[in-house]
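In terms of our numbering, the numbers along the sequence shown are unbroken and rise by one, the last being 309.
By construction, the Cβ of each residue, glycine as well, lies at the ideal position given by its N, Cα and C atoms.
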Amino acid sequence: MKLAHKKNEVRHIVSEWRARNLRVAFVPTMGALHEGHLALIRQARQHADHVVVSVFVNPTQFGPGEDYQQYPRSLSADVEQCRTEGVSLVFAPDYEEMYGRAGAPQYVSIRISKMHEHLCGATRKGHFEGVLQVVNKLFLIVRPDVAVFGQKDIQQWFIIRQMVEEFDHPMEVLMGPTRREEDGLAMSSRNVYLTEEERNKAPLLFEAIQRLSQRLTGVIRDSNNGDAGIPVDESLIKAEIERLRANGFKVDYLSLVSTPDLQPACVIHSGRLYVIAAAVWLGKTRLIDNVLLNTRKYPDHDA
Ligand code: AMP
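See below:
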């Protein structure tokens, strides 16, 4: 396995693989790797001869006052985990390698419309533009045939897939199912911020969205006006928000949205894919999670 810090090293290595007609899969990360990341790497290996993993804590996707400085960093452990998982190349650039010298002006950016207005985009202004800025650059450096992103960050997944389509990146975007701890908490590099008491409460988030999913699925099943659409009973959503609040969670949102546009859904139409997504604060830690409703399967998604 190779560790590269420079874009040109990556370009050189990947172009040698391409010259031999080998397929390349890519898993972008911010490091502090856990089982969720490793599952994406294993999935990526099924689709290519070589897997590239990037480790870069991208400052442009953090807002003022967010945890850019505190974000856990553990490059040498990450590199060892990648080696064990059969990764061919880890790309770990520094800030300057990605964006030039500090303070250098940036005159060009990617603008998103509509898909970032709700869910995390509503409170994390500029976050998804920052994500697309770095992911677009990484795609152009690595030039993968396929990239794998987690369902855990579902808004990110849909926005990236849209960028790939609209910008004609010649590649496929796959979704890896959310990996969870035994008690249901979605794995996240940020879970290390939780105090013991918060960690014990954290699984209530997944319980809430699962319960909501079961209730909505029950309503869909029992209804026979599928084509006209079934109005969403908002009181079911409010009840879950209240329950979370009563347990000390500060709820950013708990919403049902349609796909792929990620707009709030008031009516459910049969055969379409919806997402129940939530973001909450437990003390100083922000947790996100989601479940797919009425699951139409996406490529490679076996949740
Ligand atoms: P991050 O390092 O948090 O930027 O995440 C890198 C990739 O790992 C993204 O595609 C995430 O969606 C994915 N990911 C993070 N946590 C999980 C998880 N628990 N299960 C599956 N994928 C995950």
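Once you ignore the five residues that flank residue i on each side, which residues in its own chain have a CB closer than 7 Å to its CB?
i      : result
Leu44  : Gln87 and Glu91
His124 : Ser261, Val263, Leu268, Gln269 and Pro270
His175 : Phe145
Hey, is residue i close to the ligand AMP, as in C-beta under 7 Å from one of its heavy atoms?
i      : result
Asp159 : yes
Pro150 : no
Pro209 : no
His43  : yes
Leu46  : yes
Gly182 : yes
Pro34  : yes
Arg185 : yes
Gly156 : yes
Ser80  : no
Ala192 : yes
Ser5   : Absent from the structure is residue 5, since the part of the chain shown begins at 7 and ends at 309.
If you follow the alpha helix (DSSP H) that residue i is part of, which residue opens it and which one closes it?
i      : result
Ala83  : Leu81 to Thr90
Gly42  : Glu41 to Arg51
Tyr113 : Here Tyr113 belongs to no alpha helix (DSSP H), and DSSP marks it neither H nor E.
Gly224 : Leu210 to Asp228
Leu144 : His133 to Val148
Gly127 : Cys126 to Thr129
Ala170 : Going by the sequence as given, residue 170 is Val instead of Ala. Start and end: Ile160 to Glu172.
Ser194 : Element bounds for Ser194: n/a, residue is neither H nor E.
Take residue i and list the residues in its own chain whose beta-carbon comes closer than 8 Å to its own, dropping the five residues that flank it on each side.
i     : result
Glu72 : Arg130
Lys12 : Pro99 and Glu103
Val16 : Ala10, Val58, Leu95, Phe97, Ile147 and Val148
Rounded to a whole number of angstroms, what is the C-alpha to C-alpha distance between residue i and residue j?
i      : j      : result
Thr223 : Ser115 : 40 Å
Ser119 : Leu200 : 34 Å
Ala214 : Gly109 : 43 Å
Val20  : Val148 : 7 Å
Arg167 : Asn206 : 34 Å
Arg185 : Met193 : 6 Å
Val225 : Asn296 : 19 Å
Met121 : Gln161 : 8 Å
Val198 : Arg26  : 42 Å
Arg292 : Asp239 : 27 Å
Val152 : Arg217 : 34 Å
Ser195 : Ala38  : 6 Å
Arg221 : Gly254 : 23 Å
Phe68  : Tyr74  : 6 Å
Among the options, whose alpha-carbon lies nearest the alpha-carbon of residue i?
i      : options                           : result
His40  : Asp84, Arg29 and Lys8             : Asp84
Pro266 : Phe164, Ala285, Leu242 and Glu202 : Phe164
Leu250 : Pro70, Ala284, Arg89 and Glu102   : Ala284
Phe181 : Arg48, Asn27 and Cys272           : Note on identity: in this sequence residue 181 is Met, with Phe being the wrong assignment. The shortest C-alpha separation from Met181 is found at Arg48.
Ser80  : Gly42, Met36 and Arg89            : Met36
Pro203 : Val170, Leu288 and Ser276         : The question names Pro, but residue 203 in the sequence shown is Glu. It is Leu288.
Leu46  : Ala38, Val33 and His53            : Val33
Ala234 : Gln216, Leu211 and Val273         : Val273
Asp189 : Gln52, Phe212, Lys290 and Pro183  : Phe212
Glu187 : Thr291, Pro209, Asp258 and Phe173 : Pro209
Val93  : Lys244, Ser60 and Phe173          : Ser60
Lys244 : Pro237, Ile236 and Val257         : Val257
Gly277 : Val137, Glu246, Gly132 and Ile236 : Ile236
His53  : Gln75, Met7, Val63 and Arg29      : Arg29
Pro65  : Gly132, Lys158 and Glu246         : Gly132
Arg51  : Gly69, Pro150, Tyr113 and His18   : Pro150
Val286 : Tyr259, Ser229, Leu299 and Gly42  : Tyr259
Identify the continuous beta strand (DSSP E) that holds residue i and give its terminal residues.
i      : result
Gly156 : Val152 to Gly156
Asn296 : Thr291 to Leu299
Ala38  : Premise fails: Ala38 is in no beta strand (DSSP E) and is neither H nor E.
Ala25  : It is not in any beta strand (DSSP E) - Ala25 instead sits in the alpha helix (DSSP H) that spans Lys13 to Ala25.
Ile118 : Taken as a continuous stretch (DSSP letters only), Ile118 belongs to no beta strand (DSSP E), as it is neither H nor E.
Ala283 : Tyr280 to Leu288
Ala10  : Lys8 to Ala10
Tyr259 : Lys256 to Ser264
Indicate whether at least one CB of chain B lies closer than 8 Å to the CB of residue i.
i      : result
Lys158 : Protein chains in the displayed structure number just one, and chain B is not present.
Given residue i, which residues of its chain have a CB within under 6 Å of its CB, disregarding the five upstream and five downstream residues?
i      : result
Phe134 : Ile118, His122, Gly127 and Ile165
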